[in-house]
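**Student:**
2 protein chains.
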Amino acid sequence: MNEAEFISALRAIATSPQARGLADDAAVIEFGSETLVLTHDTMVESVHVLEGQDPADIAWKLVAVNLSDLAGKGAEPVGVLISHMLGSDDHRLVAGLKEVLETYDVLLLGGDTVRGDGARAWGCTAIGRACHSPVPARDGARPGDAIYLGGRIGFAMLGFEALRDDTDDDDSAYRRPVPQLALGRDLAPHVSAMMDISDGLLLDASRIANASSVTLAIERTLVAPLAPEDRLEDAMRWGDDYVLLCTGPAGLDAQFPVTRIGQVTAKGADPVILDGECPEGNLGYTH
Amino acid sequence: MNEAEFISALRAIATSPQARGLADDAAVIEFGSETLVLTHDTMVESVHVLEGQDPADIAWKLVAVNLSDLAGKGAEPVGVLISHMLGSDDHRLVAGLKEVLETYDVLLLGGDTVRGDGARAWGCTAIGRACHSPVPARDGARPGDAIYLGGRIGFAMLGFEALRDDTDDDDSAYRRPVPQLALGRDLAPHVSAMMDISDGLLLDASRIANASSVTLAIERTLVAPLAPEDRLEDAMRWGDDYVLLCTGPAGLDAQFPVTRIGQVTAKGADPVILDGECPEGNLGYTH
């Protein structure tokens, strides 16, 4: 059973249409008089973070990637629960956690600590309060919508390479991703679909395309200014950038700090096309 | 940094009194017009479940132990998010998950799947709706209160031994714990403190005692009928039973299916005393 089959089996047992989290990056449910948004990400050593990476950076990233999922919903963070496998340098993990929680004014609500052998794993559940109804989802993109990107891509890739190769280049984009919370809340009332890019622009664009039954037509010349020089192809396929990807009416780029990178079209043979053609190779990072 | 130091460091960064989950088995926050209860447990192969155990039982237990935390708060479950490390027999995990979610009418809201080496780990975050305010906590026990137990203890221990030694004895109490959700909701308006026993009667009783600044005086003759014959001492120190432990006024055992096992007294030298003396050896299971 591979990951897709597993998720599909899980979806089959989700008995309610409220169980949107399985098809999306966050679950959205009505609770009391408000809308609760929940998201969970697990990170594994050597898979999501480099072996031997500073636990303060791991803690930052663990929380930030979940807050980024909330950003994709235009939600305001409330708190997090953390699952931590005890190890060495736990004081650095606490330090990083304190930093990220204070930076984004998020409560530490609880969690669990465990012991384990082998690769260490950390989990984070974040809860947030939706600021706009309906909550943006992946399935609302319509032919004619413009496609926008909320920031630069490929810089986490450069950061990863710098950290892996121990060079002096800036590795902060990989170590300390910045969730676009304010932008997400500003965009929520205006977008037809929105998500954060965690697994690569092309792959995550294909997720919006598949959920919305449309094709996303992206243009290289529009993306290029947002990516590192000479690395555009890699940048579009690398994850970890955590910038917002959304679709919506023309002109959003005049109101908000987003860049138009293409156009939604009627569903074609491929979910994503790049300068009119199916992109070559892997669309992004699957893990 | 050991677990206690780590949790204490975490508590130091929890900036709000709402961050009760760190000192308790669940976080309680106001959300919308209602009270949200959140809990997270992570289980690790060979630590919380036996190596090679049926993934259907793992899934059941993963969800049930979180629902048991909600039971301790008198909360009604809403949904869960699951973190799963992909492996073999994932279809069995899905089957067990379906069974436990249907049994307790709980939504599968989302989660994450990851790949990892070494011992596998699974996480579950459960959210619930508090049914009574104030939500029962650990810190409300007062001298003069009676101590009650919501069911039998030590049978998960027998189940563990049966499964480990591959005997024909009943292992269901270990494999398929039953969260006392209805009992927790019934008791919530009447108790002064409540929690579910996950790490052993004596250890969890000491947690109520410490949180409430009292001593819990337990009597062997009152506990003995609830434990396997000849195994009383082990049963009081073994975890995984997931029955409710609470304190409150005399007479609750006439109204509800609970058994009185002792009395809360003013704080003495020890948090828990057994027939008037400090219990010998470990109080319970720490992990």
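Chains A and B, in that order, give the protein sequences. Just so we're aligned: 265 in the numbering used here is position 265 of the first sequence, and the numbers increase by one with no gaps anywhere. Positions in the second sequence are counted from 1; adding 1000 to them yields the numbering used here. For glycine and all other residues, C-beta sits at the position ideal for the given N, C-alpha and C.
1. Quick one: any contact between the region 1207-1219 of chain B and the region 1084-1102 of chain B, if contact means 3 or more CB pairs under 8 Å?
2. At which residues does the alpha helix (DSSP H) containing I7/A begin and terminate?
3. Cβ closer than 7 Å: which chain B residues qualify as neighbours of I197/A?
4. Whose Cβ in chain C lies nearer than 9 Å to the Cβ of M194/A?
5. Between G1111/B and chain A, is the shortest Cβ-Cβ distance under 9 Å, so that the two count as touching?
6. Please go through the same chain and pick out, in chain order, the residues whose beta-carbon is closer than 6 Å to the beta-carbon of I82/A, but skip the five residues on each side of it.
7. For chain B, find out if any of its Cβ atoms is closer than 9 Å to the Cβ of A9/A; answer yes or no.
8. Would you mind giving the Cβ-Cβ distance between S206/A and L283/A, rounded to the nearest angstrom? I have them listed as a contact below 8 Å.
9. Please list, in chain order, the residues of the region 1027-1038 of chain B that have any C-beta partner in chain A closer than 8 Å.
10. Starting from the C-beta of L1274/B, find all residues in its chain whose C-beta is less than 7 Å away, skip the five residues before and the five after it, and write them out in chain order.
11. By alpha-carbon positions, which one of P1279/B, D1234/B, F1031/B, C1246/B ends up nearest to V1264/B?
12. Whose C-alpha, out of P1225/B, W1238/B, V1214/B, Q1180/B, is nearest the C-alpha of F1256/B?
13. Tell me, please, whether the CB atom of L202/A is closer than 9 Å to any CB atom in chain B?
14. Once the 5 residues before and after C1278/B are set aside, which same chain residues still bring their CB inside 7 Å of it?
15. Between which two residues does the alpha helix (DSSP H) containing F155/A stretch?
16. At the 9 Å Cβ level, is I58/A part of the contact set with chain B, yes or no?
17. Going by Cα to Cα distance, which pick from L1036/B, I1058/B, T1039/B is closest to E1045/B?
18. In or out: R20/A buried (at least 16 other Cβ within 10 Å) or exposed?
19. Does DSSP classify D1186/B as helix, strand or coil?
20. Would you verify that the beta carbon of T1042/B is, or is not, closer than 9 Å to some beta carbon of chain A?
21. Terminal residues of the continuous alpha helix (DSSP H) containing V971/B?
22. Answer with buried or exposed for D1240/B, where buried requires no fewer than 16 other C-beta atoms within 10 angstroms of its C-beta.
23. Classify L274/A as helix, strand or coil using the three-state DSSP reduction.
24. Roughly how far, in whole angstroms, is the beta-carbon of T1259/B from the beta-carbon of L1222/B, given that I think they are within contact range, below 8 Å?
25. Quick check on DSSP: helix, strand or coil for G21/A?
26. Report the option in V243/A, V135/A, G87/A, A130/A whose CA atom is closest to the CA atom of E1003/B.
27. Report the rounded CA-to-CA distance for E51/A versus R185/A, giving the unit in angstroms.
28. Thinking C-alpha only, which one of G1281/B, W1122/B, P1189/B is nearest D1234/B?
29. List the endpoints of the continuous beta strand (DSSP E) containing V1214/B.
30. Quick one: measure Cβ to Cβ for W122/A and T42/A, integer angstroms, because I've assumed they're closer than 8 Å.
31. Below 7 Å on C-beta distance, what does G1123/B contact in chain A?
32. Measuring straight from C-alpha to C-alpha, what distance separates A1130/B and W238/A?
33. Looking at the unbroken beta strand (DSSP E) that takes in H1132/B, where does it start and where does it end?
34. Which residues in the same chain have their Cβ closer than 8 Å to the Cβ of P225/A, if we skip the five residues on either side of it in sequence?
35. Distance cutoff 9 Å, beta carbons only. Does E277/A sit that close to anything in chain B?
**Tutor:** On the basis of the supplied data:
1. These segments do not touch.
2. 3-13 is the span of the alpha helix (DSSP H), which, as asked, contains I7/A.
3. Residues of chain B with a Cβ closer than 7 Å to the Cβ of I197/A do not exist; the shortest Cβ-Cβ separation is about 17 Å.
4. The structure shown contains no chain C; its protein chains are A and B.
5. yes
6. G111, C124
7. yes
8. 6 Å
9. A1027, I1029, F1031, G1032, S1033, E1034, L1036, L1038
10. I1218, R1220
11. C1246/B
12. Q1180/B
13. With 9 Å as the cut-off, L202/A does not count as an interface residue toward chain B.
14. D1270
15. 155-165
16. no
17. I1058/B
18. Caution applies to R20/A, whose pLDDT of 46 falls short of 50 and renders its modelled position unreliable; the value that the coordinates give is listed next. So R20/A ends up on the buried side.
19. Correct three-state label for D1186/B: helix.
20. yes
21. Since the first and last residues shown for chain B are 1001 and 1287, residue 971/B lies out of range.
22. buried
23. The three-state secondary structure of L274/A, taken from DSSP, is strand.
24. 7 Å
25. For G21/A, the predicted structure reports a pLDDT of 48, less than 50, and the residue's modelled location is therefore unreliable. The matter cannot be settled from this model.
26. G87/A
27. Separation of E51/A and R185/A (C-alpha to C-alpha, rounded to the nearest whole angstrom) is 35 Å.
28. G1281/B
29. Counting along the chain, V1214/B sits inside the beta strand (DSSP E) bounded by residues 1214-1218.
30. That pair is a contact at about 7 Å.
31. T42, S83, G123
32. A1130/B and W238/A: Cα-Cα distance of roughly 42 Å.
33. Here H1132/B belongs to no beta strand (DSSP E), and DSSP marks it neither H nor E.
34. Apart from the 5 residues on each side of it in sequence, P225/A sits with its Cβ closer than 8 Å to the Cβ of T259 in its chain, given in chain order.
35. no
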